[in-house]
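Below is one structure, written out as structure tokens; the observations come after it.
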Amino acid sequence: MNRRAVIVMLLSLGALTCSQPAPPPDTGVENTELGVKLAAMPEGLVLANNQGDSLELRPADEGKAGLVWFVAGPEQEGVNLVAAVQGHQAHIEDLPDGSYKGAQELQGDIGTAFYSRGRFTDAGSEFEETVLFVIHLKENRLLEIHYRYPAADDSAARVEQLIGVLAELE
329 MNRRAVIVML LSLGALTCSQ PAPPPDTGVE NTELGVKLAA MPEGLVLANN
379 QGDSLELRPA DEGKAGLVWF VAGPEQEGVN LVAAVQGHQA HIEDLPDGSY
429 KGAQELQGDI GTAFYSRGRF TDAGSEFEET VLFVIHLKEN RLLEIHYRYP
479 AADDSAARVE QLIGVLAELE
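Using the numbering used here, you'd call the opening residue of the sequence shown number 329 and step up by one each time.
Okay, structure coming up:
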């Protein structure tokens with residue numbers, strides 16, 4: 329084989345390896361026991377656990393602590409999101425140094441949701457918990473998406489991450 333043919337062949341092989349398809353994007357996660365499916369993994373979060381009725385996400389940044397988890401309530405008529413927020417407020421205020429920070433109504437493709445946020449002390453450290461309350465997309469029951477993390481100046485970013493979870497919910 330002459331030198332020119334070898335160069336052409338090497339260039340052709342290089343073009344073939346460059347044109348290989350990229351690995352598929354993160355396709356999300358599904359938990360059939362909870363009836364929850366995320367179309368894609370929300371930005372900044374990775375899967376921590378998906379077994380039985382436990383679906384948990386954690387920050388992708390190993391330097392950040394925190395945990396997102398899902399709770400699906402029982403089937404019921406007339407899911408009351410406001411009562412769920414009030415229950416979260418009472419829970420936060422019952423915790424050591426509990427300080428409720430408020431709630432806000434959200435409107436989106438899945439309908440009405442509320443987020444509720446508070447701070448408390450556990451084992452000498454201050455934590456923040458933000459919970460999204462939404463009516464389950466497939467059934468008549470309350471779906472809670474909790475995010476607990478060390479209290480810091482990044483509350484707004486953490487709330488945005490949690491809303492990103494809601495945006496991926498199917």
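Every residue gets a Cβ at the ideal spot worked out from N, C-alpha and C, and that includes glycine.
Who pairs with residue i in a beta bridge, going by DSSP?
{"i": "R445", "result": "G430, T458"}
{"i": "I473", "result": "F398, L460"}
{"i": "N468", "result": "In the DSSP output, where bridge partners are listed per residue, N468 has none listed."}
{"i": "G439", "result": "G436"}
{"i": "P478", "result": "F455"}
{"i": "D450", "result": "S453"}
Between residue i and the ligand GTP, is there a pair consisting of the residue's CB and a ligand heavy atom that are separated by less than 7 Å?
{"i": "A368", "result": "This structure does not include the ligand GTP; it has no bound ligands of any sort."}
Looking at the secondary structure, which residues open and close the beta strand (DSSP E) in which residue i lies?
{"i": "V373", "result": "Here residue 373 turns out to be Leu, not Val, going by the sequence shown. Taken as a continuous stretch (DSSP letters only), the beta strand (DSSP E) holding L373 covers 373-379."}
{"i": "L383", "result": "382-387"}
{"i": "K365", "result": "364-366"}
{"i": "E361", "result": "That residue, E361, is in no beta strand (DSSP E); it is neither H nor E in DSSP."}
Since I believe residue j is in contact with residue i (beta carbons under 8 Å), could you give me their beta-carbon distance rounded to a whole number of angstroms?
{"i": "G356", "j": "E454", "result": "The pair is not a contact, with the Cβ atoms about 32 Å apart (cut-off 8 Å)."}
{"i": "E371", "j": "R469", "result": "E371 to R469, Cβ: 27 Å. No contact."}
{"i": "I420", "j": "G446", "result": "3 Å"}
{"i": "A367", "j": "E498", "result": "5 Å"}
Starting from residue i, trace the alpha helix (DSSP H) both ways and give me its first and last residue.
{"i": "E488", "result": "483-496"}
{"i": "E421", "result": "409-422"}
Which same chain residues, not among the five before or five after residue i, have their C-beta less than 6 Å away from its C-beta?
{"i": "E358", "result": "K365"}
{"i": "L434", "result": "A441"}
{"i": "A418", "result": "none"}
{"i": "L471", "result": "A400, V462, H464"}
For residue i, which residues from the same chain have a beta carbon less than 8 Å from its beta carbon, with the 5 sequence-adjacent residues on both sides left out?
{"i": "V374", "result": "L385, R386, P387, A388"}
{"i": "D439", "result": "The residue asked about is misnamed: residue 439 is Gly in this sequence, not Asp. Around G439: V462, I463."}
For residue i, which residues in the same chain have their Cβ closer than 7 Å to its Cβ, ignoring the five residues on either side in sequence?
{"i": "E361", "result": "G380, D381"}
{"i": "V413", "result": "A431, F442, S444, F461"}
message: With a threshold of 8 Å, are at least 3 pairs of Cβ atoms found where one atom belongs to the stretch 393-402 and the other to the stretch 417-434?
response: no
- prompt: Can we say the stretch 376-392 touches the stretch 441-457, given the rule of at least three CB pairs closer than 8 Å?
  reply: no
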